[in-house]
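Our numbering numbers the first residue of the sequence shown as 187 and each following residue consecutively.
Just so you know, even glycine gets a beta-carbon here, dropped at the ideal spot from N, CA and C.
Structure record follows, encoded as structure tokens.
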Amino acid sequence: MKERLIFHVDVNSAYLSWEAVHQLKNGASTDIRTIPSIIGGDTSLRKGVVLAKSLPAKRFRIHTGEPVTDALTKCPTLQSFQPNFPLYHKYSKAFITILKKYAPVVEQVSIDEAYLDMSGLHYFYSTPLEAAEKIQTDIRETLDFTVNIGISSNKLLAKMASDFEKPDKIHTLFPSEIEKKMWHLPVRTLFFTGRAAAQKLNQLGIYTIGDIAKSNPDFLKAHLNSQGVTLWNYANGRDNSPVKESPDAPKGYGNSTTLSKDLTSLSEAKPVLLELCETVTKRLREDQVYAQVIEVELKDSHFRRKSHQTVLDYSTNTTDDFYQTSIKLFKELWDGTPIRLLGVRSGKLTLDKIEQIQLFTETASSHEKREKMSKLDAALDSIQKKHGKNSIMRASKL
187 MKERLIFHVD VNSAYLSWEA VHQLKNGAST DIRTIPSIIG GDTSLRKGVV LAKSLPAKRF
247 RIHTGEPVTD ALTKCPTLQS FQPNFPLYHK YSKAFITILK KYAPVVEQVS IDEAYLDMSG
307 LHYFYSTPLE AAEKIQTDIR ETLDFTVNIG ISSNKLLAKM ASDFEKPDKI HTLFPSEIEK
367 KMWHLPVRTL FFTGRAAAQK LNQLGIYTIG DIAKSNPDFL KAHLNSQGVT LWNYANGRDN
427 SPVKESPDAP KGYGNSTTLS KDLTSLSEAK PVLLELCETV TKRLREDQVY AQVIEVELKD
487 SHFRRKSHQT VLDYSTNTTD DFYQTSIKLF KELWDGTPIR LLGVRSGKLT LDKIEQIQLF
547 TETASSHEKR EKMSKLDAAL DSIQKKHGKN SIMRASKL
């Protein structure tokens, strides 16, 4: 059996890096990666949450997931920019295209990170470090942003390694290095350890990854069920999961976003859902297609994924339809557990607009409202295309 060699490649502050590259290519004189800046909203409106931050912003103790208002209090000169998900998808696609030049199997796990199975690379490179440096340089010179690369014999340790010092770094974490490089870290940094699990471990007198590794797995299972055994295996560097080729995109349009700070209320979820709905419906309108299925997905602080969808009796690509429906689905789906990821997806696409005005279930006024919202979307699309994404926005964002 050949020895495995796995890379985990992670874009440094992806959203902010991609916005910076985009601005510089369009004539900007300042690289926002070099000043206190965030992706998360318009500072003049003081709305939204921080989705990404620059290193200078990090020095003000600004963290991902906190309200923009709090970030501005910490740094009054902070520059904030609204998220641009179509732009992010463009750079994500280019990022994955480069990775596929270096490995036969690439598993994309989010918009800005992927695993590469580099087993057998000794036929092409003298060392794993040489291969990682070549990938890093290719991305930097071709796309103008930086990545961290973690190197190990399995996905878990490669992921942990890439989260060490940033940005633009390469780290190894082989089984022989676990005790020195990983065991001193707090339990919260171990993959799959949510906030609740970390608090429980601390209550049991377990504070570091090394403490988990040295614990009796039966003891951990008694207090954390099957997650306890998983954490014990991870703390000891055990992971046999394969790198799987990412599946083809589903026949629909969707987008999701992960926040390091969990969402704990509907009021916090609403602006995220609106931004996701705007992104999805804009892509639908650009391709002149409509959807009859709307789905909301979430991942909670226990890493459980859930989704809920509905089939409309008409097809739509209006933001308001998606937003109002997504709020309804979210309320039906969410059980109150803190949320790490939110997503909105569409399905059952049609090229023609389906209108099904049914007696007793839909009034003429609701049909007229959809027509009005459709015209509003078209007007917003036109203005934003001509004058930029931030030139006009919905009143619900104010």
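Which first and last residues belong to the alpha helix (DSSP H) in which G396 is found?
In the sequence shown, counting from the first residue as 1, residue 396 sits at position 210. Under the DSSP assignment, G396 falls in the alpha helix (DSSP H) whose first and last residues are I395 to K400.
For T332, does the three-state DSSP call read helix, strand or coil?
For the purposes of this step, residue 332 is taken as the residue at position 146 of the sequence shown. Coil.
CB contact flag (H249, V236, <8 Å)
Against the sequence shown, residue 249 aligns to sequence position 63. Against the sequence shown, residue 236 aligns to sequence position 50. The answer is yes: Cβ separation under 8 Å.
Buried or exposed: A399, going by 16 or more other Cβ atoms within 10 Å of its Cβ?
Locating residue 399 in the sequence shown gives position 213, counting from the first residue. By the neighbour-count rule (16 or more Cβ atoms within 10 Å), A399 is buried.
Give the range of the alpha helix (DSSP H) segment to which L498 is assigned.
What you label residue 498 is simply residue 312 of the sequence shown in a count that begins at 1. No alpha helix (DSSP H) contains L498, which is instead part of the beta strand (DSSP E) from R491 to T502.
Identified DSSP bridge partners for R531
Translated into the one-based positions of the sequence shown, residue 531 becomes position 345. For R531, which the question treats as bridged, DSSP gives the partners G440 and E481.
DSSP on Y593, reduced to helix/strand/coil?
No answer is possible for residue 593: the residues shown for the chain start at 187 and end at 584.
Can you name, in chain order, every residue of its own chain whose Cβ lies under 7 Å from the Cβ of P361, other than the five neighbours on each side?
Your numbering for residue 361 matches position 175 in the sequence shown. Cβ-Cβ distances below 7 Å link P361 to S339 and G423 in the same chain, with the five nearest sequence neighbours on each side left out; the list follows chain order.
Rounded separation between F350 and Y301 - CA only:
As a position in the sequence shown, residue 350 is number 164, starting the count at 1. As a position in the sequence shown, residue 301 is number 115, starting the count at 1. Distance between the alpha carbons of F350 and Y301: 16 Å.
Using a Cβ-Cβ cutoff of less than 8 Å, which residues in the same chain neighbour I218 once the five nearest sequence positions on both sides are dropped?
To locate residue 218, count along the sequence shown from 1; it is residue 32. Correct list, in chain order: L202, E205, A206, Q209, S240, Q265 and F267.
Is A238 closer than 8 Å to A200 when the C-beta atoms are compared?
Numbered from 1 along the sequence shown, position 14 holds the residue referred to as residue 200. Numbered from 1 along the sequence shown, position 52 holds the residue referred to as residue 238. Yes, Cβ-Cβ distance for A200 and A238 is below 8 Å.
Contacts around P403, its chain only, beta-carbon distance under 6 Å, and the 5 residues preceding and following it disregarded
Position 217 of the sequence shown, counted from the start, is the residue given in the question as residue 403. Beyond the five residues adjoining it in sequence on each side, P403 comes within less than 6 Å, by CB distance, of V415 and W418 in the same chain, given in chain order.
Q389 burial status per 10 Å Cβ neighbour count (16 or more: buried)
Position 203 of the sequence shown holds residue 389. Counting Cβ neighbours within 10 Å, Q389 comes out exposed, since fewer than 16 surround it.
How is the beta strand (DSSP E) around E293 delimited, first residue to last?
As a position in the sequence shown, residue 293 is number 107, starting the count at 1. Here the beta strand (DSSP E) through E293 covers V292 to S296.
Could you please give the first and the last residue of the uninterrupted alpha helix (DSSP H) stretch that includes A214?
Within the sequence shown, the letter at position 28 stands for residue 214. Where A214 is concerned, there is no enclosing alpha helix (DSSP H), given that its DSSP letter is neither H nor E.
Can you check which of these residues, L515, T502, S532 and L484, is closest to P597 by C-alpha distance?
For the chain, the structure presents residues 187 to 584; residue 597 sits outside this window and is missing.
Please work out which residues of its chain come closer than 7 Å, Cβ to Cβ, to E464, disregarding the five sequence neighbours upstream and downstream, and give them in chain order.
Here residue 464 refers to the residue found at position 278 of the sequence shown. Same-chain partners within the cutoff: T505.
Considering only the beta carbon of each residue, do L528 and T443 sit closer than 8 Å?
As a working mapping, residue 528 is identified with position 342 in the sequence shown. As a working mapping, residue 443 is identified with position 257 in the sequence shown. Yes.
Residues near D196 by beta carbon distance below 7 Å, same chain, minus five either side
If you number the sequence shown from 1, residue 196 lands on position 10. So the list reads D298, E299, V333, N334 and S348, once near-sequence residues are dropped.
Starting from the Cα of R245, find the closest Cα among P222, P262 and L410 and give me that residue.
Here residue 245 corresponds to residue number 59 of the sequence shown, with the count starting at 1. Comparing C-alpha distances from R245 to each of P222, P262 and L410 shows the shortest one belongs to P222.
Do F377 and K345 come within 8 Å of each other at the CB atom, strictly closer than that value?
Position 159 of the sequence shown, counted from the start, is the residue given in the question as residue 345. Position 191 of the sequence shown, counted from the start, is the residue given in the question as residue 377. Yes. Within cutoff.
Quick check: the stretch 364-372 against the stretch 473-493, are at least 3 beta-carbon pairs closer than 8 Å?
Remark: fewer than three beta-carbon pairs, one from each stretch, lie closer than 8 Å, so the stretch 473-493 and the stretch 364-372 are not flagged as touching.
Can you grab the Cα-Cα spacing for the pair A317 / K287, in whole Å?
What you label residue 317 is simply residue 131 of the sequence shown in a count that begins at 1. What you label residue 287 is simply residue 101 of the sequence shown in a count that begins at 1. Spanning the alpha carbons of A317 and K287 requires a straight line of approximately 12 Å.
Boundaries of the beta strand (DSSP E) in which L181 is found, first to last residue
As displayed, the chain neither begins before 187 nor continues past 584, which places residue 181 out of reach and without an answer.
Measuring alpha carbon to alpha carbon, tell me which of G213, K352, G336 and E472 ends up nearest T358.
In the sequence shown, counting from the first residue as 1, residue 358 sits at position 172. Checked all of G213, K352, G336 and E472; the closest Cα to T358 is G336.
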